[in-house]
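Here is the structure we will look at.
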Amino acid sequence: MIRTGTYWDFILLVLMIAAVYYYMDKALKGKELPRIRTIPAVEAIYEGVGRSIELDKPVHFAMGASGGQLHTSLVSMTLAALMILRHTVKLCARLGSRLIIHIPGQTEAIPLVEGIARDAYLEEGKPEMLRRDDMRYHGYASTSFTQAVAGTYAREGVGLNVMVGIWYTDCVMPLEASKIYGGLNVGGTARWIMAYAFAMMTDYLLLGEELYAAGAAVSDNPVMVSGIASEEIGKYFVLLLLIVGLVLMAVGVNMGSIFAM
Amino acid sequence: MSEFVRRELPLVLIFICGIAVLVPFFFPHPFLNAVKAELGNWAVIIRNVTIFLGLIYMSFSQWRSLQRDKSMGGYIYFVAPYLALVLFVGTALAFPGYINSAQYQWLYQNVYRAQVSMYVSLPLFYCYSAAYRAFTVRSIEAFALMLGGMLYTLRQIPLFTYLFPVLLPIGEWIMLVPNVGGGRGATIAVGLAAIVVGLRTLAGREVTTIEVR
Chain X
149 MIRTGTYWDF ILLVLMIAAV YYYMDKALKG KELPRIRTIP AVEAIYEGVG RSIELDKPVH
209 FAMGASGGQL HTSLVSMTLA ALMILRHTVK LCARLGSRLI IHIPGQTEAI PLVEGIARDA
269 YLEEGKPEML RRDDMRYHGY ASTSFTQAVA GTYAREGVGL NVMVGIWYTD CVMPLEASKI
329 YGGLNVGGTA RWIMAYAFAM MTDYLLLGEE LYAAGAAVSD NPVMVSGIAS EEIGKYFVLL
389 LLIVGLVLMA VGVNMGSIFA M
Chain W
377 MSEFVRRELP LVLIFICGIA VLVPFFFPHP FLNAVKAELG NWAVIIRNVT IFLGLIYMSF
437 SQWRSLQRDK SMGGYIYFVA PYLALVLFVG TALAFPGYIN SAQYQWLYQN VYRAQVSMYV
497 SLPLFYCYSA AYRAFTVRSI EAFALMLGGM LYTLRQIPLF TYLFPVLLPI GEWIMLVPNV
557 GGGRGATIAV GLAAIVVGLR TLAGREVTTI EVR
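Protein chains in written order, with the working numbering: chain X, 149 to 409; chain W, 377 to 589.
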């Protein structure tokens, strides 16, 4: 029998399996998927790369001092950030801008970031633009990461600063430093507790789950887009539970006992 | 490396391990629980091995940086002896890795923790500086943040709550209603995204992390 207290989790999981299967099947068969609206922050990356070329300053990309997590519930943010990295590398390769990538502290992210960048340069037919010196690893601590990133802005300049993914308090210093040195800040995190910092300091914001949508939109991968559609089904289910719960509570039903099932 | 070993085998292993961890969560059974616990132990072992590999990679990366740019030496020659000291105290002095030893704790409390405390307090000043310099009301979200932040900050200052008592309930309302509601919405979105990534991984369709060369 199902463990007591996990009935609702099980229902949600079954629903999500059905939704993921349905949309993934559509994606793999090439059928039409729900459209992701144009996200201003994604458009701004293109604008920012052009701006960097005009100013003769490099583009910077960072996904957080702890942005390489592949083993927590935040993994989806890492994957979305990698997709945006791929998009940024391709734009820089296409338009001819220098890109400096600040690799997260998680050592398992080093080959991943390097591989994504290498693939993206190859896809654009410009593998010679890949410079190992411009892939900076600053160690496993937000202390060293933030200071190194801010120092790089100061020494080498910043035209566009893309900061997406898992960010903690380590976002504040680089965002502020980029602003001081004249960079265009584009970024965001799905971590609610740090959304305020991005809202304050970015020129173009990816608010909350917009990060996932942006990652899917720039991925050129229908399977990623199908994931966003599946999440919507989950959200509608949660919303339905919320409304039903509110109504039942209003008529005196003990929702605590129902959700303890 | 053959295509099967590079691509198919990891997907098969991920699927088996994922199912073995997921099923006992809903259907408790002594055997399934034992398998889950064993996999958990192996996850810890693999994680520690990757940390060791990371240490090697990081050292190599720093060495290459030093070869490229000799001016880096000032930093590396300072940090490397400290790394060696921490490794010695943490692993050799009280073998095997007794981090509660007085020597290790002294290093942790007086060097590492002091540095982190300094760092964590710094963003506060950066935040205020950024609020003054970088904050531009370009969107409805930014305007809402400015208004909410301003009202809540004023609510925290006794002088303003004395002069304008209405700030107290407004500040509480901001914290307990929009903040909690927004936070829960974001948490649900993160959770659902994690479920979708997990299911995509189990189905062998999460290619972001395994298709890179």
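Backbone N, C-alpha and C define an ideal beta-carbon position, used for all residues, glycine too.
So, are the CB atoms of residue i and residue j less than 8 Å apart?
i: X:Ala257; j: X:Gly216; result: yes
i: X:Tyr233; j: X:Val373; result: In the sequence under discussion, the amino acid at residue 233 of chain X is Leu, which differs from the Tyr named in the question. Result no, Cβ atoms of X:Leu233 and X:Val373 do not sit closer than 8 Å.
i: W:Leu415; j: W:Val397; result: yes
i: X:Phe158; j: W:Phe402; result: yes
i: X:Ala210; j: X:Val334; result: no
i: X:Asn309; j: X:His235; result: no
i: X:Ala241; j: X:Ser290; result: no
i: X:Leu239; j: X:Ile201; result: no
i: W:Leu544; j: W:Leu530; result: no
i: W:Ala610; j: X:Ala347; result: The shown model of chain W, from 377 to 589, leaves out residue 610 of chain W, and the question about it has no answer.
i: X:Leu163; j: X:Phe385; result: yes
i: X:Met403; j: X:Met409; result: no
i: W:Leu523; j: W:Gly547; result: no
i: X:Tyr329; j: X:Tyr360; result: no
i: W:Leu459; j: W:Gly449; result: no
i: X:Tyr375; j: X:Ala364; result: Correcting the residue identity first, residue 375 of chain X is Gly in this sequence and not Tyr. Result yes, Cβ atoms of X:Gly375 and X:Ala364 sit closer than 8 Å.
i: X:Ala229; j: X:Gly356; result: no
i: W:Val399; j: W:Leu408; result: yes
i: W:Gly558; j: X:Ser221; result: no
Taking buried to mean at least 16 other C-beta atoms within 10 Å of its own C-beta, is residue i buried or exposed?
i: X:Gln254; result: buried
i: X:His286; result: buried
i: X:Pro206; result: buried
i: X:Ile193; result: buried
i: W:His405; result: exposed
i: X:His250; result: buried
i: X:Trp315; result: buried
i: X:Asp282; result: buried
i: W:Tyr480; result: buried
i: X:Gly307; result: buried
i: W:Lys446; result: exposed
i: W:Ile533; result: exposed
i: X:Gly153; result: exposed
i: W:Ala478; result: exposed
i: X:Pro275; result: exposed
Is there a Cβ from chain W that is less than 8 Å from the Cβ of residue i?
i: X:Tyr360; result: yes
i: X:Ala302; result: no
i: X:Arg151; result: yes
i: X:Ile258; result: yes
i: X:Tyr344; result: yes
i: X:Lys383; result: yes
i: X:Glu357; result: yes
i: X:Trp340; result: yes
i: X:Ser214; result: no
i: X:Ile165; result: yes
i: X:Glu324; result: yes
i: X:Tyr194; result: no
i: X:Tyr285; result: yes
i: X:Met409; result: no
Would you mind working out which of the options sits nearest residue i, comparing C-alpha positions?
i: W:Ala418; options: W:Cys393, W:Gly524, W:Phe536, W:Arg576; result: It is worth fixing the name first, because residue 418 of chain W is Trp in this sequence and not Ala. Here the closest residue by C-alpha is W:Cys393.
i: W:Trp482; options: W:Gly466, W:Phe428, W:Met494, W:Ser497; result: W:Gly466
i: X:Pro340; options: W:Asn555, W:Phe540, W:Pro406, W:Ala579; result: For the record, residue 340 of chain X in the displayed sequence is Trp; it is not Pro. The shortest C-alpha separation from X:Trp340 is found at W:Asn555.
i: W:Thr577; options: W:Ile395, W:Arg382, W:Ser378, W:Ala410; result: W:Ile395
i: X:Met172; options: X:Gly404, X:Glu379, X:Leu389; result: X:Glu379
i: X:Arg284; options: X:Lys327, X:Glu272, X:Pro275, X:Val261; result: X:Val261
i: X:Met311; options: X:Leu388, X:Thr337, X:Ser290; result: X:Thr337
i: X:Leu160; options: W:Ile571, W:Tyr453, W:Glu582; result: W:Ile571
i: X:Leu227; options: X:Asp282, X:Val371, X:Gly299, X:Tyr155; result: X:Val371
i: W:Trp439; options: W:Tyr474, W:Ser477, W:Val455, W:Asn476; result: W:Val455
i: W:Leu498; options: X:Asp204, X:Pro275, X:Thr317; result: X:Thr317
i: X:Leu354; options: W:Thr537, W:Ser515, W:Met522; result: W:Ser515
i: W:Cys503; options: X:Ile184, X:Asn369, X:Val320; result: X:Val320
i: X:Pro252; options: X:Leu218, X:Leu270, X:Tyr344; result: X:Leu218
i: W:Leu463; options: W:Tyr433, W:Tyr453, W:Ile475; result: W:Ile475
i: X:Ala377; options: X:Leu394, X:Glu358, X:Ile391, X:Ala296; result: X:Glu358
i: X:Asp368; options: X:Lys383, X:Asp204, X:Arg183, X:Glu324; result: X:Arg183
Using beta carbons (cut-off 8 Å, strictly below), is residue i in contact with chain X?
i: W:Ser497; result: no
i: W:Ser515; result: yes
i: W:Cys393; result: no
i: W:Ala569; result: yes
i: W:Ser505; result: yes
i: W:Gln491; result: yes
i: W:Pro406; result: no
i: W:Ala460; result: no
Return the residues of the stretch 431 to 448 of chain W that lie within a Cβ-Cβ distance of less than 7 Å from chain X, sorted by chain order. Tyr433, Met434, Ser437, Arg444
To be precise: take each residue of the stretch 260 to 283 of chain X, compare its Cβ to all Cβ atoms of chain W, and keep it if any distance is under 7 Å. Which residues remain? Leu260, Gly263, Ile264, Arg266, Asp267, Asp281
Proximal residues, the stretch 371 to 403 of chain X versus chain W, C-beta separation under 7 Å: Val371, Gly375, Ser378, Glu379, Gly382, Lys383, Val386
Output, in sequence order along the chain, the residues in the stretch 536 to 567 of chain W whose CB is closer than 8 Å to any CB in chain X. Gly558, Gly559, Gly561, Ala562, Thr563, Ile564, Ala565, Val566, Gly567
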